[in-house]
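First comes the structure, then the notes that go with it.
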Amino acid sequence: MSGIERPMTIDNREMKISFILFFIFILVLNKSSNADDGYRLWLKYDKIADAEVLNSYKKLITSQIVIGESATSQIIKNELSLAFQGLFGETVPERNTLNENALIIACHSDLPPGILGQTRRQVSELNDEGFLIKTVCIKKNSLIVITAKTHAGLLYGVFKFVSLLQTYQDITRLNFVSSPKIQIRVLNHWDNLDRTIERGYAGFSLWDWQKLPDYIHPYYIDYARANASIGINGTVLNNVNANAHILTPLYLKKVAALADVFRPYGIKVYLSIRFSAPIDIGGLKVSDPQDKDVQNWWKDKAREIYDLIPDFGGFLVKANSEGQPGPGDYGRTHADGANMLADALKPYGGVVMWRAFVYDANNKEDRAKQAYNEFKPLDGKFSDNVLVQVKNGPVDFQPREPFHPLFGATPKTPLMMEFQITQEYLGFSTHLVYLGTLFEEVLDSDTYARGDGSTVARVIDGSLFGNKISGIAGVANTGTDRNWTGHIFAQANWFAFGRLAWDHDLSTEDIATEWIQLSLSHNKEVVSAIKNMMLSSRENTVNYMTPLGLHHIMGWDHHYGPAPWIKDKQRDDWTSVYYHRADKQGIGFDRTESGSDEIGQYAKSVRERFASLDSCPDEYLLWFHHLDWNYKMRSGRILWDELCYRYYDGAKKVSEMKDDWKNFQGRIDAEIFNHVQQMLPIQEKEAIWWRNACVLYFQTFSGFPIPEDLEKPDKTLEYYQDLSFPFAPK
Ligand code: BDP
Numbered sequence: 032m033s034g035i036e037r038p039m040t041i042d043n044r045e046m047k048i049s050f051i052l053f054f055i056f057i058l059v060l061n062k063s064s065n066a067d068d069g070y071r072l073w074l075k076y077d078k079i080a081d082a083e084v085l086n087s088y089k090k091l092i093t094s095q096i097v098i099g100e101s102a103t104s105q106i107i108k109n110e111l112s113l114a115f116q117g118l119f120g121e122t123v124p125e126r127n128t129l130n131e132n133a134l135i136i137a138c139h140s141d142l143p144p145g146i147l148g149q150t151r152r153q154v155s156e157l158n159d160e161g162f163l164i165k166t167v168c169i170k171k172n173s174l175i176v177i178t179a180k181t182h183a184g185l186l187y188g189v190f191k192f193v194s195l196l197q198t199y200q201d202i203t204r205l206n207f208v209s210s211p212k213i214q215i216r217v218l219n220h221w222d223n224l225d226r227t228i229e230r231g232y233a234g235f236s237l238w239d240w241q242k243l244p245d246y247i248h249p250y251y252i253d254y255a256r257a258n259a260s261i262g263i264n265g266t267v268l269n270n271v272n273a274n275a276h277i278l279t280p281l282y283l284k285k286v287a288a289l290a291d292v293f294r295p296y297g298i299k300v301y302l303s304i305r306f307s308a309p310i311d312i313g314g315l316k317v318s319d320p321q322d323k324d325v326q327n328w329w330k331d332k333a334r335e336i337y338d339l340i341p342d343f344g345g346f347l348v349k350a351n352s353e354g355q356p357g358p359g360d361y362g363r364t365h366a367d368g369a370n371m372l373a374d375a376l377k378p379y380g381g382v383v384m385w386r387a388f389v390y391d392a393n394n395k396e397d398r399a400k401q402a403y404n405e406f407k408p409l410d411g412k413f414s415d416n417v418l419v420q421v422k423n424g425p426v427d428f429q430p431r432e433p434f435h436p437l438f439g440a441t442p443k444t445p446l447m448m449e450f451q452i453t454q455e456y457l458g459f460s461t462h463l464v465y466l467g468t469l470f471e472e473v474l475d476s477d478t479y480a481r482g483d484g485s486t487v488a489r490v491i492d493g494s495l496f497g498n499k500i501s502g503i504a505g506v507a508n509t510g511t512d513r514n515w516t517g518h519i520f521a522q523a524n525w526f527a528f529g530r531l532a533w534d535h536d537l538s539t540e541d542i543a544t545e546w547i548q549l550s551l552s553h554n555k556e557v558v559s560a561i562k563n564m565m566l567s568s569r570e571n572t573v574n575y576m577t578p579l580g581l582h583h584i585m586g587w588d589h590h591y592g593p594a595p596w597i598k599d600k601q602r603d604d605w606t607s608v609y610y611h612r613a614d615k616q617g618i619g620f621d622r623t624e625s626g627s628d629e630i631g632q633y634a635k636s637v638r639e640r641f642a643s644l645d646s647c648p649d650e651y652l653l654w655f656h657h658l659d660w661n662y663k664m665r666s667g668r669i670l671w672d673e674l675c676y677r678y679y680d681g682a683k684k685v686s687e688m689k690d691d692w693k694n695f696q697g698r699i700d701a702e703i704f705n706h707v708q709q710m711l712p713i714q715e716k717e718a719i720w721w722r723n724a725c726v727l728y729f730q731t732f733s734g735f736p737i738p739e740d741l742e743k744p745d746k747t748l749e750y751y752q753d754l755s756f757p758f759a760p761k
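Next up, the structure:
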C-alpha cells in the first residue's frame with residue numbers, strides 16, 4: 032500500500048467530520064443571514080418589512096377569488112400563494128363570496144355583473160394582452176379586481192399587482208390600465224445545441240437538450256415566470272448562426288416539450304433556422320427559394336412543426352451574413368427568401384423575423400451603409416407576415432451607435448428592434464452597465480421620417496406607418512449561472528428590456544428604481560444611491576471604451592478588452608483600424624458627403640444635424656467625422672486632450688463606484704454585496720486597461736502628450752498588445 036492511500040486514521044477521520052460540521056454550520060449560517068444567491072431574480076417575495084404597509088395590505092386583501100380553470104389560472108393561483116406566503120408570511124384564503132375586502136381575478140366575461148359594468152369601458156380599450164387593476168366597491172366592500180380579455184392578460188396583471196406589493200405601493204384606490212405597445216416581445220437566445228452560448232457570459236445554455244423532452248428542469252418554469260412577469264411573450268431558443276438539426280424530428284420533440292412548459296405563461300417558442308436546411312437535413316441539392324422542391328420542403332416542415340406545437344411563433348433568420356447561407360447564394364433577394372418561409376408559416380399564423388444584419392466582405396462600401404442599401408429597395412416586397420429585424424445601430428451593438436438609418440426608411444415593412452442584452456461589447460458579465468439608458472436613447476431617437484416625433488419607438492410599435500405587426504427582440508444574457516446572468520446587475524438589463532418592450536414610454540430611471548426595490552433594498556437612500564450608480568454606468572463605460580463616437584476597437588474575435596491596433600485581417604471590416612481611421616492628422620470615420628456619405632441615409636433633419644460640426648453631438652463626433660487631433664472641441668480643449676479626459680473620467684468613475692459600493696455593506700444582502708464587491712475591482716482593472724491601451728495607441732498617431740494632470744499609464748503599449756486570451760468566451 033502506498034503512503035498516499037493510507038487507511039483512515041482517527042486524525043483524518045476527525046478532520047473529515049469537523050469539515051462536514053463546518054460545512055453544515057456555513058449552510059445554517061447562510062440560511063439564517065438570508066443569503067441571497069440571486070436565483071429568485073426580481074420575484075423574491077421576501078416578507079414585507081414595513082408593518083404599517085403590511086397591515087394595510089392585509090386589511091384590503093382578506094380573501095381571494097381566482098375564476099377560471101385554465102392552466103394559466105392554476106399558474107396564477109400558484110404565483111399568488113407563493114407571493115402571499117412570502118410577502119405576508121401567511122396564506123390569503125380563497126373564497127367564493129364577495130362579502131369582504133377581496134382580490135378578484137377573472138377574465139372580463141367571467142366577472143360578476145356588478146363588477147362587469149364598472150370595468151366595461153376600460154376593458155374594451157385593452158388589447159388582447161392588456162389588463163386592468165381596479166378598486167371597485169360592492170356592498171360597502173372594497174374589491175381589487177384584476178381583469179383582462181385573455182388569461183395571458185390576467186397573468187400579466189397579477190404579476191404587476193404583486194410587484195406593487197413588493198414595492199410597497201399604496202393599493203387603496205387602484206386604477207391601472209396597461210396594454211403592451213409592441214406585439215412580439217422576444218428574447219433571442221444565441222444558444223448552440225451543444226449548450227455553449229455564442230457571446231454568453233453566464234454559464235451554459237438553459238436548454239438541456241440531452242434530457243429533453245423527458246426531463247423538465249424546474250428552472251424552465253422559473254425562466255417562464257421571470258419572462259411573464261415582465262411581459263416577454265416569446266423566446267427564440269437557438270443561435271442565429273443556426274444548426275439545421277434543430278429542425279429534425281429528434282429536436283422538434285424537445286422544442287415541443289419546452290413550448291408546452293412556456294405556453295401557459297403566454298410565451299411562444301420560435302426557432303432560428305439555417306437557410307440551407309433543405310440541403311443539410313433534407314437531402315435536396317439546393318435551398319433556392321424559387322425551387323419548387325425547396326418550397327415544398329419548408330411547407331412540409333412547417334406542417335410537421337405545427338402538428339407538434341400548434342402555437343409555434345415562427346422563424347428567425349440570419350441569411351447571407353458573416354458566412355451564413357441565404358437566398359443571395361442563388362441570386363435571389365432577401366424578400367424572396369423571407370417570403371418563401373412566410374408562405375410556409377402563413378396557414379398557421381407564424382411569422383418570419385428576417386435579420387437586416389447583413390454586410391459582405393467583398394463589398395467595399397462602408398459597412399454601416401450596407402444593410403440600408405440592401406433592404407431599403409425591398410420595402411413593400413415582403414409578405415405581410417414578415418418582420419425585418421434591425422439591430423439598434425448600423426454597425427454592431429457597440430457601446431454607443433446612432434440609431435440605424437433603416438428605422439423610418441421603410442414605411443411598408445414592419446421593422447423589429449434587436450437589442451443586445453448580453454454584454455458582448457460592454458464588458459461581458461463582469462462590468463456593471465445598466466443598459467436601460469442605452470435602450471431608451473435609441474427608442475427615443477427621432478428619425479424625422481414623418482416630421483417631428485417620428486421616434487424609433489413609434490417605428491417599431493407600428494404606429495408611425497400603421498404597420499399591422501410589431502416586434503422587439505433582445506439577445507438574452509441568461510445561462511446556467513445560479514444568478515442567471517453572471518452579474519447581479521445584469522438581471523436589471525433583462526428586466527429593463529422586458530419593461531420597455533411592453534411600454535417604451537416608461538422611464539428607464541423608474542425601471543431602475545423598481546428593479547432595485549424588487550431586488551436589493553427598500554431603503555430610500557440605498558435605492559437612490561444605487562440608482563444613480565446604474566444611470567451613469569453606461570456613459571462611463573462608453574467613456575472608458577469608446578468615447579466621442581469611436582467604435583469597434585475591441586479584442587479580435589472574442590471581443591474581450593481593447594485592441595484598437597487590429598489590422599491586416601482577412602476582412603477589413605473586422606479590423607479596428609477600419610473604424611477609427613487614426614492617422615498623423617486626426618481620427619474618426621468620415622461618413623459625411625465628403626466620406627462614405629452614410630449620413631445621406633438619414634432623413635434631412637437628422638442628416639443636417641449630424642453633418643454639421645456645430646450641431647453634431649460630441650457623442651457621435653468620430654462616428655461621422657474625421658477630425659484633426661487639435662480640433663477645438665465645445666469644451667475648449669483640443670480633440671486629443673478631450674479624448675484623454677474622457678478615457679480617464681470613465682475609468683475614474685468606475686473607481687468611485689467601487690468605493691461607493693462599500694457603503695452598502697450591511698444594508699443589502701451579504702451574498703449579493705460580496706458578489707458585486709468582487710466584480711467591481713475587475714471592472715476597475717479592465718477600465719484602466721481600456722484607458723491605457725487606447726490612449727497609448729492613439730498617442731502613436733497624435734504625438735501629443737497625455738495632459739499633465741492625468742496619471743501616466745504604468746505599462747507600455749507593447750505590453751497591452753502582447754496580451755492574449757486564448758480561451759476567452761466568444
Ligand atoms: C456579432 C457577434 C456574432 C453574431 C453576430 C450576429 O459577434 O457572434 O453572430 O453579431 O448578430 O455582434 O449575427
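Residues in the sequence shown are numbered consecutively from 32, following the numbering used here. We put the CB at the ideal spot given by N, CA and C, even for glycine.
Taking residue 613 as the centre and dropping the five residues before and after it, the same chain places the C-beta of 729 and 732 closer than 7 Å to its C-beta, in chain order. Excluding sequence positions up to five before and after residue 179, its CB lies within less than 6 Å of the CB of 162, 185 and 188, all in the same chain and listed in chain order.
In the structure shown, the three-state DSSP call for residue 286 is helix. Non-local beta-carbon contacts of residue 672 in its own chain, meaning distances under 7 Å to residues more than five positions away in sequence, involve 738 in chain order. Distance check between residue 423 and each of 411, 490 and 367 places 490 closest, using alpha-carbon atoms only. Taken atom to atom, the span from the alpha-carbon of residue 396 to that of residue 506 is near 27 Å. Under the 8 Å Cβ criterion, the stretch 628–637 counts as touching the stretch 436–450, having at least three qualifying pairs. Here DSSP, grouped into helix, strand and coil, assigns residue 413 to coil. The count of Cβ pairs closer than 8 Å, one atom from the stretch 696–712 and one from the stretch 517–528, reaches three, so the stretches are in contact. Listed in chain order, the alpha helix (DSSP H) runs fully inside the stretch 446–478 are 467–474, counting runs of at least 4 residues. The stretch 564–581 and the stretch 458–472 touch, with three or more beta-carbon pairs separated by less than 8 Å. The nearest non-hydrogen atom of the ligand BDP is 7 Å or more from the C-beta of residue 78. Comparing alpha carbon positions, the residue from 426, 572, 332 and 502 closest to residue 262 is 502. Here residue 362 is exposed. Its C-beta has fewer than 16 other C-beta atoms within 10 Å. In this structure, DSSP gives residue 178 an extended state, which the three-state scheme calls strand.
In the three-state scheme derived from DSSP, where H, G and I count as helix and E and B as strand, residue 644 is classed as coil.
Under the three-state reduction of DSSP, residue 309 is assigned to helix.
In summary, residue 750 is exposed, with fewer than 16 beta-carbon neighbours lying within 10 Å of its beta-carbon over all protein chains present.
Annotated three-state conformation of residue 368 is helix, per DSSP. In terms of Cβ geometry, residue 318 and residue 309 form a close pair [threshold 8 Å]. A distance below 7 Å between beta-carbons, with the five flanking residues on each side excluded, links residue 723 to the following residues of its chain, in chain order: 744, 746 and 751. Between residue 431 and residue 573 a beta carbon distance of about 5 Å is seen, short of the 8 Å cut, so the two are scored as contacting. In this structure, the ligand BDP has a non-hydrogen atom nearer than 7 Å to the beta-carbon of residue 352.
Here residue 411 is exposed: its Cβ has fewer than 16 other Cβ atoms, across all protein chains shown, within 10 Å. Checking the 7 Å criterion, the Cβ of residue 363 is out of range of every heavy atom belonging to the ligand BDP. The three-state reading of DSSP puts residue 210 in coil, since its state is none of H, G, I, E or B. Of the heavy atoms belonging to the ligand BDP, none sits nearer than 7 Å to the Cβ of residue 294.
In its chain, beyond the 5 residues on either side, 582, 583, 584 and 620 have a beta carbon closer than 7 Å to the beta carbon of residue 610. In the three-state reduction of the DSSP assignment, residue 695 falls in the helix class.
Under the three-state reduction of DSSP output, residue 576 falls in the helix class.
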